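In our numbering, the protein residues as written are 20 to 446.
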């Protein structure tokens, strides 16, 4: 029963440790989900839906209701001779009244807009793509920040771990020196020196723990949950299979160029004529029948409908300049893209060189640790035999600690450099 309980306890502890682990990829995912700007995706979609709806509604009939009253100083009238003849026949003709009034409705319907609405839809979609690409660049920067904090925590925690191991060595040798002091084979200054070194190391550990706490608090803010008690998993050191850049900035360049090309289409569309149907109906005076309106001042119902072709030729004057300006904007954008790719290649090559240097140093780290450990053990033996003093031993312990810490730093820095390359290429 005792063994069964211990086994169950170990399994539960292992399960808890697995659940309490946190990977770099998970941190980046949580940070993206928690980032306020992620809500822009929904806003961009809604904005696109509204703008496309407005364009579609431009094809609906345009209806204008109005009421109008006017007074004129001159109105159409019969010639004086004709008025005299009509008067002799007993017909009084007053002509068109100077006071005119009517209420009516004007209706217009676009039949063909020269492709303007289609082009506007394409422009709006291209602008949406630019906004989304810009947001992806912003989230990419966020992933880099989270990654830097993540590796800073790993490096500092490794420093604490190695310092604690060194502290254990110092405590063991401090006990040895105290025993030797009682036996008269060591000096009080040796004990004090090792004890002071241990206290100094404890201060460094305390300071490093405070730094880790600050980093974890910052990481908790980014991911939106408390990570102070979770163990951060050291990522694997695998280079991307392809060294071709897939940065979101490249998609942003493509989106911006597409938007400029769509604006060129609108320049051409503005040259096309527009065809539409129109209708006008009103009730008032005078009507379309002017002769009847001259004979009496009665209100009448009037309606007119037809097809209208309109062509604004002003665009011909500025078309060439507009196209030239857009072409210059595209050329500038291509220069920005080439500059970005050039700098990205330089950065990648530099990171690969750094990675190769770390790989070469890591080959010697294991041997250096072993040699430093042997020297430290020999120094401990020499101290027991009174051959060296505590100062020499502290030097050997410090050398071993530096060797172990450097090896771990090289390991973590190597993985971090791999991830820097992945970030530079977005792979």
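Glycine is no exception: its CB is placed at the ideal position from the N, C-alpha and C atoms. None of the values given here were measured: they were computed from a predicted structure.
Residue i versus the options, residue with shortest Cα-Cα distance
i, options, result
"residue 402", "55, 187, 192", "192"
"residue 113", "99, 123, 125, 121", "99"
"residue 425", "385, 410, 55, 399", "385"
"residue 321", "328, 306, 182", "306"
"residue 281", "323, 335, 341", "341"
"residue 82", "349, 126, 116", "126"
"residue 446", "76, 134, 159, 57", "159"
"residue 122", "89, 93, 97", "89"
"residue 240", "47, 219, 256, 210", "47"
"residue 184", "431, 416, 381, 334", "416"
"residue 116", "236, 233, 315", "315"
"residue 382", "420, 430, 396", "430"
"residue 299", "128, 97, 66", "128"
"residue 208", "254, 408, 295", "408"
"residue 182", "226, 339, 105", "226"
"residue 253", "176, 354, 273", "176"
"residue 77", "195, 134, 273", "134"
"residue 473", "205, 203, 167, 215", "Not covered by the structure: residue 473. The range shown for the chain is 20 to 446."
"residue 317", "304, 324, 327, 284", "304"
"residue 96", "74, 67, 312, 246", "312"
"residue 288", "437, 103, 404, 137", "137"
"residue 327", "58, 309, 228, 294", "294"
"residue 284", "79, 345, 44", "345"
"residue 204", "406, 297, 107", "406"
"residue 393", "228, 73, 418, 92", "418"
"residue 377", "206, 105, 428, 67", "428"
Start-to-end residues for the alpha helix (DSSP H) that takes in residue i
i, result
"residue 411", "409-444"
"residue 272", "267-288"
"residue 314", "309-314"
"residue 165", "135-201"
"residue 76", "59-76"
Simplified DSSP state of residue i, which is helix, strand or coil
i, result
"residue 117", "coil"
"residue 227", "helix"
"residue 125", "strand"
"residue 53", "helix"
"residue 18", "Any answer about residue 18 is impossible in this case: the structure gives the chain only from 20 up to 446."
"residue 33", "Bear in mind that the predicted position of residue 33 carries a pLDDT of just 46, short of 50, making it too unreliable to give a figure here."
"residue 235", "helix"
"residue 251", "strand"
Beta-carbon contacts of residue i that lie in its chain and below 6 Å, excluding the five residues immediately before and after
i, result
"residue 330", "292"
"residue 435", "170"
"residue 32", "Low per-residue confidence applies at residue 32: pLDDT is 44, beneath 50, and the placement is therefore not dependable, though the value from the model is reported in the following sentence. Contacts found: none."
"residue 440", "370"
"residue 442", "163"
"residue 387", "422"
"residue 247", "235"
"residue 94", "115, 117"
"residue 334", "289, 290"
Contacts around residue i, its chain only, beta-carbon distance under 8 Å, and the 5 residues preceding and following it disregarded
i, result
"residue 444", "259, 261, 262, 263, 264, 265, 266, 363, 367"
"residue 278", "142, 145, 146, 148, 149"
"residue 271", "149, 152, 153, 155, 156"
"residue 186", "217, 220, 221, 224"
"residue 34", "For residue 34, the predicted model reports a pLDDT of 45, less than 50, meaning its position is unreliable and no value from the coordinates is stated."
"residue 63", "147, 150, 151, 154"
"residue 323", "298, 299, 300, 307"
Opening and closing residue of the beta strand (DSSP E) in which residue i lies
i, result
"residue 392", "No beta strand (DSSP E) holds residue 392; the alpha helix (DSSP H) holding it covers 333-403."
"residue 327", "319-329"
"residue 84", "81-90"
"residue 406", "Here residue 406 belongs to no beta strand (DSSP E), and DSSP marks it neither H nor E."
"residue 296", "293-304"
Contacting residues, own chain, Cβ-Cβ under 7 Å from residue i (five flanking each side not counted)
i, result
"residue 243", "49, 53"
"residue 268", "156, 359"
"residue 86", "122"
"residue 349", "276, 279"
"residue 197", "210"
"residue 251", "41, 169, 172, 173"
"residue 338", "286, 290"
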